[in-house]
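FYI, numbering that gives the first Met the number 0 numbers position 117 of the sequence shown as 116, with every residue one higher than the one before it.
All C-beta atoms in this analysis are idealised placements derived from N, C-alpha and C, irrespective of residue type, glycine included.
Reading through the structure tokens given below for one structure.
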Amino acid sequence: MTTPLLTGIDVGTTKVSVLIADLVDDTHYEILGVGTAPARGMQKGVVVNVGEAKETICEAVAAAERSAGYEIGTAFVSMAGAHVSSVNSHGVVGVSGNRAIAQDDIDRALDAARAIAIPHNREVLHIIPRNFVVDGQEGIRMPLGMHGFRLEVEAHLITAATMTIKNLTQCIEAAGVMVEQFVLNPLAASEAALTDTERDLGVVACDVGGGTTDVAIFIEGNVWHTAVLPVGGNHITADVAHGMRLPADVAEEVKIQHGHACTQEVDDSEVFRVCPFGFEKPIDVSRSELANIIEARSEEIFELLLQEIKRSGYDGLLPAGVVLTGGTAQLAGFRQLATGSLGLPVRVSSPSDMRGLVDQVQGPSFSTVVGLLNWAIRETRYANQAPSNGRHGGNGNYGSNGNSGPGFLSVVGDWAKRLTP
Ligand SMILES: Nc1ncnc2c1ncn2[C@@H]1O[C@H](COP(=O)(O)OP(=O)(O)OP(=O)(O)O)[C@@H](O)[C@H]1O
Ligand SMILES: [Mg+2]
Numbered sequence: 000m001t002t003p004l005l006t007g008i009d010v011g012t013t014k015v016s017v018l019i020a021d022l023v024d025d026t027h028y029e030i031l032g033v034g035t036a037p038a039r040g041m042q043k044g045v046v047v048n049v050g051e052a053k054e055t056i057c058e059a060v061a062a063a064e065r066s067a068g069y070e071i072g073t074a075f076v077s078m079a080g081a082h083v084s085s086v087n088s089h090g091v092v093g094v095s096g097n098r099a100i101a102q103d104d105i106d107r108a109l110d111a112a113r114a115i116a117i118p119h120n121r122e123v124l125h126i127i128p129r130n131f132v133v134d135g136q137e138g139i140r141m142p143l144g145m146h147g148f149r150l151e152v153e154a155h156l157i158t159a160a161t162m163t164i165k166n167l168t169q170c171i172e173a174a175g176v177m178v179e180q181f182v183l184n185p186l187a188a189s190e191a192a193l194t195d196t197e198r199d200l201g202v203v204a205c206d207v208g209g210g211t212t213d214v215a216i217f218i219e220g221n222v223w224h225t226a227v228l229p230v231g232g233n234h235i236t237a238d239v240a241h242g243m244r245l246p247a248d249v250a251e252e253v254k255i256q257h258g259h260a261c262t263q264e265v266d267d268s269e270v271f272r273v274c275p276f277g278f279e280k281p282i283d284v285s286r287s288e289l290a291n292i293i294e295a296r297s298e299e300i301f302e303l304l305l306q307e308i309k310r311s312g313y314d315g316l317l318p319a320g321v322v323l324t325g326g327t328a329q330l331a332g333f334r335q336l337a338t339g340s341l342g343l344p345v346r347v348s349s350p351s352d353m354r355g356l357v358d359q360v361q362g363p364s365f366s367t368v369v370g371l372l373n374w375a376i377r378e379t380r381y382a383n384q385a386p387s388n389g390r391h392g393g394n395g396n397y398g399s400n401g402n403s404g405p406g407f408l409s410v411v412g413d414w415a416k417r418l419t420p
């Protein structure tokens, strides 16, 4: 049976997670089905082997469908990778006649903001309004219904490589699922990881996964900067494997069980047993030696993050600090190291406030897939509320995948709604 249930598919570098949920009311959903599969054919957030990626996505989709007892029709799908880039853009339009600003005017202003030169091999994934200016009056979050002659919008434009979008689309379709919308990974993760207060104050959401570190900066309730850095927990595991001469699967286990990101927190006398290449039996290895390896790579991740924060130009506007999520955020000592390296308050966040099959989606590695459902429920709500304006692409996704979504204006109403209590 095909149903209009909400579905989120997070195609990560280490795992594919699929959630199927039923709407309880306008703002709540209940998770009915969960499917996960170890990812194959993915590297640093993008498909590198279509055959393998198709298999693993099919596996996770089938598991979710079995657990929910429903077949998936369409899904909100996460998009990551270093090919994603973002830029802030500006659009201006005139409002003719003595009338209040209508949705169509906002639409035109966003169209104007979108009209910057984009290389032919890239597509706009999202165009998100940050702020409006009406007749020179700045800081307007929702201009609908206001009077004015000149409407300006500051928008955050996110683009992605066309080929990468196509590759992921064909892998999702191979599982019998149509892509309803692609959602940039850091935006999806932020949906589950951040509080409204943090967004309003100014915060960096940082999802440290296996192959990527996804960054989103929110200020005054809205997204002002996004980036996907091509480094994550898999690089830490690779360093451990290399430095300790261990097979990759053993290095992963050792990292999770004995790893620590702050060498100074680890007692020099602590040891664990492991069997490196060249040894026939397990030997004692110092835990602080392991921590040294992990600390070096973790510091590099935070250095890159700090560079990105500085590059955004918003480094002085982040009183709520950094919210870490993603599987690697579970690493012992990771938060302490981040606090020292970044010089900002840091907390670790996991999805909360869920209903249904919540046991299987606990922990920070599920922020993105849960965030996709949070994103989907708002999109669905506004699609139902907003009058149709004949546009396609939803959420500023202006046709990235050719599928229709809720009206483009839904996102304006959506972000504005979040900002106004
Ligand atoms: N308890 C733990 N301690 C330390 N690291 C962990 C723990 N659990 C998982 N990880 C690490 O988290 C990473 C996977 O995180 P996550 O599930 O968020 O990645 P992903 O979404 O598949 O990848 P990406 O978002 O980078 O594409 C792996 O590198 C794994 O080693
Ligand atoms: Mg991820």
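*S88 lies in the beta strand (DSSP E); which residues open and close that run?*
Note, S88: beta strand (DSSP E), S84 to G93.
DSSP three-state label for Q136, please. strand
So does T367 have its beta carbon nearer than 7 Å to some heavy atom of ligand 2? yes
- Query: Hey, how far is the Cα of G401 from the Cα of E190?
  - Reply: Low per-residue confidence applies at G401: pLDDT is 33, beneath 50, and the placement is therefore not dependable enough to give any value.
Per-residue DSSP class, three states only, for L186: Three-state DSSP puts L186 in a helix.
Query raised in the report: Measuring from the CB of E122, is there a heavy atom of ligand 4 at a distance below 7 Å?
Result: Here the bound small molecules are ligand 1 and ligand 2; ligand 4 is not part of this structure.
Comparing C-alpha positions only, which one of L289, G232 and T168 sits nearest to D9? T168
Notebook entry, point to check: On the three-pair Cβ rule with 8 Å, is the segment 75-82 touching the segment 362-375?
Noted result: yes
Margin query: Distance check for R346 and A192, CA to CA, integer angstroms please.
Written below: A192 and R346: Cα-Cα distance of roughly 10 Å.
_Inter-stretch contact at 8 Å, needing at least 3 Cβ pairs: the segment 33-44 / the segment 334-343_ = no
Taking C-alpha atoms, which residue in K280, G231 and I293 lies nearest to R272?
K280
Worksheet entry | Cβ-based neighbour list, N130, same chain, cut-off 6 Å, excluding 5 preceding and 5 following | E153
Leaving out five residues on either side along the sequence, give the residues of the same chain with a beta carbon under 6 Å from the beta carbon of A328. V207, V347 and P363
Examine ligand 1 and report whether any of its heavy atoms sits within less than 7 Å of the Cβ of S364.
Remark: the shortest separation between the CB of S364 and any heavy atom of ligand 1 falls under 7 Å.
Bridge partners for P118 per DSSP, in chain order?
Bridge partners of P118: none, in fact.
Suppose the cutoff is 6 Å on Cβ atoms and the five residues either side in sequence are ignored; what does the same chain contact list for L156 look like? Within the same chain, and ignoring the five residues on either side of L156 in sequence, the residues whose Cβ sits closer than 6 Å to its Cβ are V86, S88 and I126.
Which of helix, strand or coil DSSP assigns to S16:
S16: strand per DSSP, three-state reduction.
Worksheet entry | Same chain, Cβ closer than 8 Å to N233, five either side skipped, listed in chain order | Only T12, T13, G209 and G210 meet the Cβ criterion.
What residue range does the beta strand (DSSP E) around C205 cover? V202 to V207
Starting from the C-beta of P151, find all residues in its chain whose C-beta is less than 6 Å away, skip the five residues before and the five after it, and write them out in chain order. The sequence given here has Glu at residue 151, not Pro. Within the same chain, E151 has close Cβ partners V91 and V132.
Helix, strand or coil: which one does DSSP assign to G320?
coil
Burial state of A114 (16 or more Cβ within 10 Å): Classification for A114: exposed.
* Those runs of the alpha helix (DSSP H) which lie wholly inside the segment 284-322 and span at least 4 residues -> 286-311
Check your understanding: Under the criterion of a Cβ to heavy atom distance below 7 Å, does G315 qualify as lining ligand 1?
Key -> no
If you reduce the DSSP assignment to three classes, tell me which class V411 lands in.
Since pLDDT at V411 reaches only 39, below the 50 mark, its modelled position is unreliable, and no value is offered.
Q: Grab the span of the alpha helix (DSSP H) containing R334 for me, first residue to last.
A: F333 to L341
For T35 and S95, I'd like the C-alpha separation in whole angstroms. If you take the alpha carbons of T35 and S95, they lie about 53 Å apart.
Checklist entry - So V227 and N184 are in contact, right, with Cβ under 8 Å, and what is the actual spacing, rounded? => result 6 Å
>> Using the three-state DSSP reduction, which class does M41 fall into: helix, strand or coil?
In response: strand
Is V230 helix, strand or coil when you go by DSSP? coil
My output table needs one value for T500: the three-state DSSP class, helix, strand or coil.
Since the first and last residues shown for the chain are 0 and 420, residue 500 lies out of range.
### Query
Ordered along the chain, which non-local residues of its own chain (more than five positions away) have a Cβ less than 7 Å from that of F148?
G93, V94 and D134
For E29 and R354, the rounded distance between their alpha carbons: Cα to Cα, R354 sits roughly 5 Å from E29.
* Give a yes or no on whether the C-beta atoms belonging to S500 and A260 are separated by under 8 Å. => Outside the shown range of the chain (0 to 420) lies residue 500, about which nothing can therefore be said.
>> Going by DSSP in three states, P128 sits in which element: helix, strand or coil?
In response: strand
From F181 to P275, what distance separates their C-alpha atoms?
42 Å
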